[in-house]
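Asks: FYI, the numbering for the sequence shown is 2 to 283, going by the numbering used here. Backbone N, C-alpha and C fix where the C-beta goes; we use that ideal spot for every residue, glycine too. What follows is a structure written as structure tokens; I'll ask about it next.
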Amino acid sequence: MMTRIRLACGVASLLAAAAMMSSCSHDLTTSKAEAAIRATQGAEQMPISVSGISKDSDSESVALVTVDGNELHFRFRRYDTGWKWESVDGANGKLAAADFVAARAARIAAEVAAAAERERASRAKKWADNNRQPYVDTGYIFDKLRMNLARTPGEDLGIESWAKRHKLLQEMAKDAPGVADHRDLLLKHLPGPTDAWDRPIEFHFDGEHRTALYLSPGQDGIKNTPDDIVCLFTGSKRWDDFYKDLMWDYIPTCKIPEGLEGAISEWVRDAGGTVTATKAIQ
2 MMTRIRLACG VASLLAAAAM MSSCSHDLTT SKAEAAIRAT QGAEQMPISV SGISKDSDSE
62 SVALVTVDGN ELHFRFRRYD TGWKWESVDG ANGKLAAADF VAARAARIAA EVAAAAERER
122 ASRAKKWADN NRQPYVDTGY IFDKLRMNLA RTPGEDLGIE SWAKRHKLLQ EMAKDAPGVA
182 DHRDLLLKHL PGPTDAWDRP IEFHFDGEHR TALYLSPGQD GIKNTPDDIV CLFTGSKRWD
242 DFYKDLMWDY IPTCKIPEGL EGAISEWVRD AGGTVTATKA IQ
């Protein structure tokens, strides 16, 4: 009788131990946690280190995970197929695992883009510093050529009136005291007229809308590229105390490569215009 009791107790102990071992085999471990994280789409290469597990219940556990140098609490749930990483505890509550992965990827992409932009901006600054003087000179030529735009109320804006005024401008450049510091520059480039790279400056006139477009193809010599200097002059009637009449003034809207805005900003600002920077260096 005693033998049967001892045998029954032994069997019960073995069954209890087996049940305990079975239960323990289902617990979340650091290796299982890492595998569950790696099984999440987008997290396959995420740098992680799982340093501890806290068991909430048979089906829920929390792992202490280091990601990008930050310790975070990752929550896991056990299904019949195994453990699955479900969320991360954050300052504002739980964040779904997929959302955490997406947010991290977006942050890294933004950091990479910011670094690339800093590198590009550095190259752009160097390029602008090396090319500053030709843009300053071309901007000065644009400013003087602005004087060729028809101002009197009855005068049409077009190539005929522009050419007539241009002859007067060339004569003025020979001896006018106001251009003494730039006389050689004007005498060289006004006859074309050409920009500081000795390339023709393009002109387009719209008499109906009272606009004129000046264009220099810039350092690369190719028009309609980001290193161009482009100014659109839009006519607006204003009272002129000297002429005692409403005269046409022209408001410039100009584009020039970034870092070179100062080459034209003074006279553009004085004329009530605006300057926009373009990205000549990509």
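Helix, strand or coil, according to DSSP, for THR82 in the structure here?
Replies: Locating residue 82 in the sequence shown gives position 81, counting from the first residue. Reduced to three states, the DSSP call for THR82 is coil.
Asks: Comparing alpha-carbon positions, which option in ASP144, THR153, LYS145 lies nearest LEU247?
Replies: On the sequence shown, residue 247 is found 246 positions in, with the first residue counted as 1. Out of ASP144, THR153, LYS145, THR153 has the C-alpha closest to the C-alpha of LEU247.
Asks: Would the beta-carbon of LEU169 fall within 8 Å of that of LYS145?
Replies: Counted from its first residue, the sequence shown places residue 169 at position 168. Counted from its first residue, the sequence shown places residue 145 at position 144. Going by C-beta atoms, LEU169 is not nearer than 8 Å to LYS145.
Asks: If you draw a straight line from the alpha carbon of ALA116 to that of MET47, how long is it in whole angstroms?
Replies: For this step, residue 116 is matched to residue 115 along the sequence shown. For this step, residue 47 is matched to residue 46 along the sequence shown. Taking the straight line joining both Cα atoms gives about 20 Å.
Asks: Evaluate the contact criterion for the region 176–191 versus the region 122–134: three or more CB pairs, one atom per stretch, below 8 Å.
Replies: no
Asks: The beta strand (DSSP E) that contains TYR251, what's its start and end?
Replies: Here residue 251 is taken as the residue at index 250 of the sequence shown, counted from 1. 246–258 is the span of the beta strand (DSSP E), which, as asked, contains TYR251.
Asks: Which value, in whole angstroms, describes the spacing of the CA atoms of GLU45 and SER26?
Replies: Indexing the sequence shown from 1 puts residue 45 at position 44. Indexing the sequence shown from 1 puts residue 26 at position 25. The alpha-carbon atoms of GLU45 and SER26 are separated by roughly 25 Å.
Asks: Run the CB neighbour count on ASP182, radius 10 Å, all protein chains shown included, and call it buried at 16 or more, exposed below.
Replies: Locating residue 182 in the sequence shown gives position 181, where the first residue counts as 1. Residue environment: ASP182 is assigned as exposed (fewer than 16 neighbouring CB atoms within 10 Å of its CB, all protein chains considered).
Asks: Whether or not the region 218–237 and the region 262–281 are in contact is what I'm after, with contact meaning three or more pairs of Cβ atoms, one per stretch, closer than 8 Å; do they touch?
Replies: yes
Asks: Taking buried to mean at least 16 other C-beta atoms within 10 Å of its own C-beta, is PHE243 buried or exposed?
Replies: Taking the sequence shown and counting its residues from 1, one reaches residue 243 at position 242. Exposed, by the Cβ-count rule.
Asks: At what residues does the alpha helix (DSSP H) containing SER123 begin and finish?
Replies: Taking the first residue of the sequence shown as 1, we reach residue 123 at position 122. Its alpha helix (DSSP H) spans residues 98–146.
Asks: For ILE160, which residues in the same chain have their Cβ closer than 8 Å to its Cβ, ignoring the five residues on either side in sequence?
Replies: Residue 160 sits at position 159 when you count from the first residue of the sequence shown. Contacts found: PHE204, PHE206.
Asks: Just to confirm the assignment, what range does the beta strand (DSSP E) spanning SER55 have?
Replies: Translated into positions along the sequence shown, residue 55 becomes position 54. Residues 49–56.
Asks: How would you write the range of the alpha helix (DSSP H) that SER32 sits in, first residue to last?
Replies: Walking along the sequence shown from the start, residue 32 turns up at place 31. Start and end: 31–39.
Asks: Can you give the Cα-Cα distance for GLN283 and GLU259, rounded to whole angstroms?
Replies: By 1-based counting over the sequence shown, the position of residue 283 is 282. By 1-based counting over the sequence shown, the position of residue 259 is 258. GLN283 and GLU259: Cα-Cα distance of roughly 11 Å.
Asks: Beta-carbon separation of THR139 and ALA197 under 8 Å?
Replies: Numbered from 1 along the sequence shown, position 138 holds the residue referred to as residue 139. Numbered from 1 along the sequence shown, position 196 holds the residue referred to as residue 197. Yes.
Asks: So, are the CB atoms of VAL68 and ILE54 less than 8 Å apart?
Replies: Taking the sequence shown and counting its residues from 1, one reaches residue 68 at position 67. Taking the sequence shown and counting its residues from 1, one reaches residue 54 at position 53. For VAL68 and ILE54, no; Cβs fall outside 8 Å.
Asks: Helix, strand or coil: how does DSSP classify ASN71 here?
Replies: Along the sequence shown, read from residue 1 onward, the residue named residue 71 stands at position 70. Residue state, collapsed to three classes: strand.
Asks: Residues in the same chain with beta-carbon distance under 7 Å from SER266, minus the five sequence neighbours each way, listed in chain order, please.
Replies: Position 265 of the sequence shown holds residue 266. The answer, listed in chain order, is VAL276.
Asks: Using the DSSP secondary-structure output, state which residues sit across from PRO154 in a beta bridge.
Replies: One-based indexing of the sequence shown puts residue 154 at position 153. Paired residue(s): none; PRO154 is not in a bridge.
Asks: How many Å lie between THR212 and TRP249 at the Cα?
Replies: In the sequence shown, counting from the first residue as 1, residue 212 sits at position 211. In the sequence shown, counting from the first residue as 1, residue 249 sits at position 248. One C-alpha to the other measures close to 11 Å.
Asks: Return helix, strand or coil for ILE160, following the three-state DSSP convention.
Replies: Here residue 160 refers to the residue found at position 159 when the sequence shown is read from its first residue. Looking at ILE160 - three-state DSSP - the assignment turns out to be helix.
Asks: Answer with buried or exposed for ALA219, where buried requires no fewer than 16 other C-beta atoms within 10 angstroms of its C-beta.
Replies: Sequence index remark: in the sequence shown, residue 219 carries index 218 (1-based). For the sequence presented, residue 219 should be read as Gly rather than Ala. GLY219 should be labelled buried.
Asks: At what residues does the alpha helix (DSSP H) containing LEU188 begin and finish?
Replies: The sequence position of residue 188 within the sequence shown is 187, counting from 1. Its alpha helix (DSSP H) spans residues 184–190.
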